[in-house]
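Add 345 to the 1-based position in the sequence shown for our numbering, that's all there is to it. Beta carbons are placed, not taken as given, at the ideal position from N, Cα and C, and that holds for glycine.
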Amino acid sequence: MSDVKKIATRESYGKTLVELGAKMPNLVVLDADLAGSTKTGEFQKVYPDRFFDCGIAEGNMMSIAAGLAAAGMVPFASSFAMFASGRAYEQIRNSIGYPHLNVKIGASHAGISVGEDGASHQCLEDLALMRMIPGMVVMCPADDTEARKAVKAAVEHDGPVYIRFGRSPVPVVFDEDYEFQIGKGSILREGKDVSIVANGLCVASALEAADMLAKDGIDAEVVNICTIKPLDDDLIVQTASKTGRVVTVEEHSIIGGLGGAVAECLSEKCPTKMYRIGVRDVFGESGPAGELLHRYMLDGEGVYDQVKAFIED
Numbered sequence: 346m347s348d349v350k351k352i353a354t355r356e357s358y359g360k361t362l363v364e365l366g367a368k369m370p371n372l373v374v375l376d377a378d379l380a381g382s383t384k385t386g387e388f389q390k391v392y393p394d395r396f397f398d399c400g401i402a403e404g405n406m407m408s409i410a411a412g413l414a415a416a417g418m419v420p421f422a423s424s425f426a427m428f429a430s431g432r433a434y435e436q437i438r439n440s441i442g443y444p445h446l447n448v449k450i451g452a453s454h455a456g457i458s459v460g461e462d463g464a465s466h467q468c469l470e471d472l473a474l475m476r477m478i479p480g481m482v483v484m485c486p487a488d489d490t491e492a493r494k495a496v497k498a499a500v501e502h503d504g505p506v507y508i509r510f511g512r513s514p515v516p517v518v519f520d521e522d523y524e525f526q527i528g529k530g531s532i533l534r535e536g537k538d539v540s541i542v543a544n545g546l547c548v549a550s551a552l553e554a555a556d557m558l559a560k561d562g563i564d565a566e567v568v569n570i571c572t573i574k575p576l577d578d579d580l581i582v583q584t585a586s587k588t589g590r591v592v593t594v595e596e597h598s599i600i601g602g603l604g605g606a607v608a609e610c611l612s613e614k615c616p617t618k619m620y621r622i623g624v625r626d627v628f629g630e631s632g633p634a635g636e637l638l639h640r641y642m643l644d645g646e647g648v649y650d651q652v653k654a655f656i657e658d
């Protein structure tokens, strides 16, 4: 997919906030001294009176966002995923989740692809943490198109939302006609031998792996699941029933994220042979994003190797 246009989803986030700001005078943006990296600085340039730099204090930032939401504003609170979900977990749970306030959390720089920043910044636990909070919507868009539509859908949703964005440019998978809906997945490629269920940058890896598997005579169905919570149980059961094998692929720990959510669904509704591809209970390490994705077998080649081994087992 080297000839495909690539855009970082954090860029999509920043541009969409500016677009929404023109239509919504009650939309405000908060950041934790990372506006240049999270791309909320784009909103700050256009709407400085509605932008609040809360400093390196994510817990305070989430509490401020809660107060703004209680006063009728629609706040987007932004930081790196490691700090948005980890450092501020208590405030998100008790000040946003418990009263079910209308706060949107934009968490960038998630996963192994953060690259050289290393394990301290490569958050592999955020989706698990956020989906545990009652009433929290959790999304991980695959590309620029889906990221922009997810942000717009988050604004229309009444309640707390966590959206995960990436640092590195990723291939554009969807065209502008793509219809996005919270809680609904989509089949990107029909298949009959195995279902590859992916989100985030791993959607592109899954599609690449499916092309490679086709050369071996393996017909893989590729399913995109942006919304981890609420999960599209019907689609998961549908594809599992069709192929009889399910592989999940995510730039996250295999514990508690997409793989965990799909496993929970299938164990209750459609017991199916399954394998989870992701980071296997280890921390990340420093290095170029592409090399790390290859090392942790999250690129197209790595997904291909693991899916093929699973089928042949």
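- Pairing Asn569 with Leu546 gives a Cβ-Cβ distance that is not under 9 Å.
- From the listed residues Leu372, Asp650, Arg509, Val652, the smallest Cα separation to Val500 is found for Leu372.
- Straight through space, the alpha carbons of Ile600 and Pro575 are spaced by roughly 17 Å.
- Residues of the same chain with a CB within less than 7 Å of the CB of Cys615, apart from the 5 flanking positions on each side, are Val582, Ala585, Ser586 in chain order.
- The beta carbons of Asn544 and Pro505 sit no closer together than 9 Å.
- By the neighbour-count definition (other C-beta atoms within 10 Å, threshold 16), Ala654 is an exposed residue.
- In the displayed model, Met406 falls within a helix according to three-state DSSP.
- Under the three-state reduction of DSSP output, Tyr507 falls in the strand class.
- Bridge pairing for Phe421: Val374, Lys449 [DSSP].
- The shortest CA-to-CA distance from Met369 to any of Gln467, Asp489, Lys497, Ser430 is the one to Lys497.
- Distance check between Ile352 and each of Ile527, Glu491, Met619 places Glu491 closest, using alpha-carbon atoms only.
- The count of Cβ pairs closer than 8 Å, one atom from the region 476-484 and one from the region 414-426, stays below three, leaving the stretches out of contact.
- With 16 or more other Cβ atoms inside 10 Å of its own Cβ, Ser430 counts as buried.
- Rounded to whole angstroms, the Cβ separation of Glu461 and Ala433 is 24 Å, and the two are not in contact under 8 Å.
- Sorting Lys529, Ser408, Leu365 by C-alpha distance to the C-alpha of Arg493 places Leu365 at the top.
- Put simply, the region 637-657 touches the region 552-568. At least three CB pairs are less than 8 Å apart.
- In the DSSP annotation of this structure, the continuous segment of the alpha helix (DSSP H) that includes Glu646 starts and ends at 645-657.
- When DSSP states are grouped into helix, strand and coil, Cys468 belongs to the strand group.
- Under a 10 Å Cβ-count criterion, Val391 is classified as exposed, with fewer than 16 other Cβ atoms of the shown protein chains found around its own Cβ.
- Secondary structure of Lys350 (DSSP, three-state): coil.
- Between the alpha carbons of Ile656 and Met406 lies a gap of roughly 47 Å.
- Ser540 sits buried, since 16 or more C-beta atoms from the chains shown fall within 10 Å of its C-beta.
- Phe388 and Arg438 have their C-alpha atoms roughly 27 Å apart.
- Per DSSP, the continuous beta strand (DSSP E) segment holding Ile541 begins and ends at 539-543.
- Only residues of its own chain outside the window of five on either side were considered, and among them Ile573, Leu576 have a CB closer than 6 Å to the CB of Ala606, listed in chain order.
- Relative to the Cα of Ser408, the nearest Cα in the group His445, Leu552, Ala464, Ile622 belongs to His445.
- The C-alpha of Thr593 is placed about 12 Å away from the C-alpha of Glu566.
- Between the alpha carbons of Phe525 and Thr354 lies a gap of roughly 16 Å.
- The C-alpha of Phe519 lies about 24 Å from the C-alpha of Ser382.
- Counting of Cβ neighbours within 10 angstroms places Phe628 among the exposed residues, the total staying below 16.
- Boundaries around Met619 are those of the beta strand (DSSP E), 618-624, since no alpha helix (DSSP H) includes it.
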